[in-house]
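Asker: Protein sequences appear in the order of chains A and B. With our numbering, letter number 48 in the first sequence gets 48, and the count goes up by one each step, no holes. Residues are numbered in our numbering as their position in the second sequence, beginning at 1, plus a constant of 1000.
2 protein chains.
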Amino acid sequence: MPEAATQTYTRADEAFDCLQTAIVKGDLAPGEKIGEVELCSRFNLTRGPLREALGRLESRGLLVRRPHAGVKVVSVSADELLELYRIRETMEGLAARQAAERMTDEEVADLQATLDNHEKMIEQAQGQAYYQAEGDYDFHHRIATGSRNTKLAQMLLGDLYYMVRMYRYRLSTSSGRPHMALEEHRRIADAIAQRDGELAEFLMKRHINAARRNIETKIHNGSLTI
Amino acid sequence: MPEAATQTYTRADEAFDCLQTAIVKGDLAPGEKIGEVELCSRFNLTRGPLREALGRLESRGLLVRRPHAGVKVVSVSADELLELYRIRETMEGLAARQAAERMTDEEVADLQATLDNHEKMIEQAQGQAYYQAEGDYDFHHRIATGSRNTKLAQMLLGDLYYMVRMYRYRLSTSSGRPHMALEEHRRIADAIAQRDGELAEFLMKRHINAARRNIETKIHNGSLTI
DNA sequence: AGTCGATGGATTGTTGACAATATAATTCCT
DNA sequence: AGGAATTATATTGTCAACAATCCATCGACT
């Protein structure tokens, strides 16, 4: 549960965060039908705020609601997951370009320091997929906010990343190629540091494209079933 | 008010649609602080469903809420409006490419028939900006759904277009270049008909880029103040 | 006179009870 | 016995009253 970073933290916000993390972490499985009263007792909530949170989550595409019929967690097919990566490719390419043009020098330094940190963690705990996934999220998060494009950051952080993370947890495969991904992150950060927006965009698109194809082959191999 | 296309139309849906159109049409001005009870009496609603709708609208970025302090319509600066077009450029480029690969022949025929219709309307009522705006929306709508990319269509139709339309109504400038825009639409549709995804993407990006620059110059001229 | 602090009013957040509807189990008919 | 219509139940949608919080006005102090 996140802290009360916002001054006042309403019950609906609490419900929203609880449900979102529960869905992302897989505590609520995709396709699962969930009753309102059950959720209330589970998270110590009342139905009013809960319903408000359900509305928000439906609006973000994390669950679907049929009137009077109940609410169930969204289940995304393998094809749709790959489509998600196609969207990420274009949007994060734009984010990288704008980040190269607009990030402050401090932000760039932080970004590269983050990558140093990731490198240490990968070397220490080899193949610790969990940290790799979080590190990857951290990197992309910084670039999204660094783009100074409010709506773009909102769409990436508020919509796409939660869905991608949901499948990361379920598949627990992060990317499966930690060193490769780190190297790609490094190159993107360098391009941003050199304020080369065009190159940053190109590298970011290629990076996400590679991740997509990685998942695609795993699915075709049958080693990944969704 | 839309029809009951969905089998059951709940009050919260009604509230959501009412508020959304009110915001888009400018009946609720950006930056305006609106009280819940006032909205209830205005749309003949009760506070429960209204609050659920407010949550959804906040989630979509059409209004901002501060706990216990009230809700106000979002006010987007000129810079942010231009950023919106940058996002559209990449996302709709992708949509056009995928539409070229996936639209059925019937859909392509419908798309081109739509353009014929637009041409007639433009010739008949020269400079009738309203229809031009709606026609433009129709065109882009068809391509978004034709991409067969669920999330992409959802983000375009559910998030971006409403914001863009909001400013269209306020500025009532549609694009200001109906014949030019129609010609660009034609070329995009032709590329889709020829199943040339790469070209469709290129043309769509250029089309939206032109629209963005058109707005940009108008802003710099001072003929557009937001 | 200007600024800081306290109190009143209004508005939002929350709660529990009531009404409407979809799913299901049951009964009746073919 | 199988299927269709029907009733019953449980779940969702809706409502109106209660509690908590913020904003503005007013007053006191520096």
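Backbone N, C-alpha and C define an ideal beta-carbon position, used for all residues, glycine too. Note that the structure is predicted; figures quoted are calculated from it, not measured.
Can you give the Cα-Cα distance for I1188 (chain B) and H1179 (chain B), rounded to whole angstroms?
Answerer: When rounded, the distance between both Cα atoms is 14 Å.
Asker: For N1149 (chain B), which residues from the same chain have a beta carbon less than 8 Å from its beta carbon, with the 5 sequence-adjacent residues on both sides left out?
Answerer: These residues qualify, in order along the chain: L1094, A1095, Q1098.
Asker: Output the distance between the C-alpha atoms of F1139 (chain B) and L1115 (chain B), rounded to the nearest integer angstrom.
Answerer: When rounded, the distance between both Cα atoms is 8 Å.
Asker: Can you find a CB in chain B that lies within less than 9 Å of the CB of T90 (chain A)?
Answerer: Taking Cβ atoms only, chain B reaches closer than 9 Å to T90 (chain A), which makes this a yes.
Asker: Below 8 Å on the Cβ atoms is my contact criterion, and I expect V71 (chain A) with Y169 (chain A) to pass it. Report the Cβ-Cβ distance as a whole number of Å.
Answerer: About 20 Å separates the two Cβ atoms, so there is no contact after all.
Asker: Roughly how many whole angstroms lie between the Cα atoms of P2 (chain A) and V37 (chain A)?
Answerer: Here the model assigns P2 (chain A) a pLDDT of 36, short of 50, so the residue's position is not dependable, and the following value carries that caveat. Approximately 24 Å, taken between the alpha carbons.
Asker: On the DSSP letters alone, give me the boundaries of the alpha helix (DSSP H) that R1056 (chain B) sits inside.
Answerer: Start and end: 1047-1059.
Asker: Under three-state DSSP, which class holds L63 (chain A)?
Answerer: Three-state result, L63 (chain A): strand.
Asker: Using a Cβ-Cβ distance cut-off of 9 Å, determine whether R60 (chain A) contacts chain B.
Answerer: So yes, R60 (chain A) belongs to the interface.
Asker: By DSSP's criteria, K72 (chain A) is part of a beta bridge. Which residues make up the other side?
Answerer: According to DSSP, K72 (chain A) bridges with A:K33, A:V64.
Asker: Regarding F1139 (chain B) and the ligand NAD, is the C-beta to nearest heavy atom distance less than 8 Å?
Answerer: This structure does not include the ligand NAD; it has no bound ligands of any sort.
Asker: For E123 (chain A), which of A:L63, A:L111, A:L182 has the nearest alpha-carbon?
Answerer: Closest by alpha carbon: A:L182.
Asker: Measuring only the C-alpha atoms, how far is L28 (chain A) from R177 (chain A)?
Answerer: About 28 Å.
Asker: Does the beta-carbon distance from G135 (chain A) to E107 (chain A) come in below 9 Å?
Answerer: Cβ atoms of G135 (chain A) and E107 (chain A): not closer than 9 Å.
Asker: Using a Cβ-Cβ distance under 9 Å, would Y9 (chain A) count as near chain B?
Answerer: Cβ-Cβ to chain B under 9 Å: yes for Y9 (chain A).
Asker: In the structure shown, what three-state DSSP assignment does Q1132 (chain B) receive?
Answerer: In the structure shown, Q1132 (chain B) sits in a helix (DSSP, three-state: H, G or I).
Asker: Chain B partners of R206 (chain A), CB-CB under 7 Å?
Answerer: Simply none; closest approach about 15 Å.
Asker: How about A1096 (chain B): is its C-beta nearer than 9 Å to some C-beta of chain A?
Answerer: Not an interface residue.
Asker: I'd like to know if M155 (chain A) contacts chain B, where contact means its C-beta is closer than 9 Å to some C-beta of that chain.
Answerer: Yes, M155 (chain A) lies at the interface with chain B (some Cβ there is under 9 Å from its Cβ).
Asker: For the segment 1060-1086 of chain B, enumerate the residues whose C-beta is nearer than 7 Å to any C-beta of chain A, in chain order.
Answerer: Residues R1060, G1061, P1067, H1068, E1080, E1083, L1084, R1086.
Asker: From A:A191, A:V73, A:A78, A:D13, pick the residue whose C-alpha is nearest to that of M103 (chain A); which is it?
Answerer: With distances taken between Cα atoms, M103 (chain A) lies closest to A:A191.
Asker: Under 8 Å Cβ-Cβ, which residues of chain B neighbour T21 (chain A)?
Answerer: Neighbours of T21 (chain A) on chain B: none; closest Cβ ~16 Å, over 8 Å.
Asker: Quick one: grab the DSSP three-state call for L1028 (chain B).
Answerer: The answer is coil: DSSP assigns L1028 (chain B) none of H, G, I, E or B.
Asker: For R1165 (chain B), collect the residues of the same chain with a Cβ closer than 8 Å to its Cβ; drop the 5 residues on either side in sequence, then sort them by chain order.
Answerer: So the list reads V1024, A1133, Y1137, once near-sequence residues are dropped.
Asker: Is the separation between the beta-carbon of M1163 (chain B) and that of I87 (chain A) shorter than 9 Å?
Answerer: Result no, Cβ atoms of M1163 (chain B) and I87 (chain A) do not sit closer than 9 Å.
Asker: Would you mind stating whether R1047 (chain B) and F1016 (chain B) have Cβ atoms separated by less than 9 Å?
Answerer: Contact flag unset, no.
Asker: Among the candidates A:L156, A:K218, A:I208, whose CA atom is the shortest distance from the CA of R60 (chain A)?
Answerer: If we check each option's Cα against that of R60 (chain A), A:L156 comes out closest.
Asker: What is the C-beta distance between L45 (chain A) and R66 (chain A), in whole angstroms, given that I count them as a contact (C-beta under 8 Å)?
Answerer: No, L45 (chain A) and R66 (chain A) are not in contact; Cβ-Cβ is about 22 Å, not under 8 Å.
Asker: Report the rounded CA-to-CA distance for A1193 (chain B) versus E1201 (chain B), giving the unit in angstroms.
Answerer: Whole-angstrom Cα-Cα distance: 13 Å.
Asker: With DSSP collapsed to three states, give me the class of R148 (chain A).
Answerer: It is coil, neither helix nor strand.
Asker: Does any residue of chain A have a CB that is nearer than 9 Å to the CB of M1166 (chain B)?
Answerer: Not one chain A Cβ lies under 9 Å of M1166 (chain B).
Asker: Nearest CA to the CA of T117 (chain A): which residue from A:N221, A:H185, A:L50?
Answerer: Checking the displayed sequence, the identity of residue 117 (chain A) turns out to be Asn instead of Thr. If we check each option's Cα against that of N117 (chain A), A:H185 comes out closest.
Asker: Could you give the DSSP three-state label for N221 (chain A): helix, strand or coil?
Answerer: Helix.
Asker: So, under 8 Å CB-CB, V73 (chain A) and P30 (chain A) are touching, yes? Tell me the CB distance rounded to an integer number of Å.
Answerer: Yes, V73 (chain A) and P30 (chain A) are in contact; Cβ-Cβ is about 5 Å, under 8 Å.
Asker: Considering only C-alpha positions, which residue in the set B:A1109, B:E1119, B:K1120, B:D1159 is nearest to R1142 (chain B)?
Answerer: Measuring from the Cα of R1142 (chain B), the nearest candidate turns out to be B:A1109.
Asker: Buried or exposed: which applies to D1079 (chain B), given that a residue is buried once 16 or more other Cβ atoms fall within 10 Å of its Cβ?
Answerer: The residue in question, D1079 (chain B), is exposed, as its Cβ has fewer than 16 Cβ neighbours within 10 Å.
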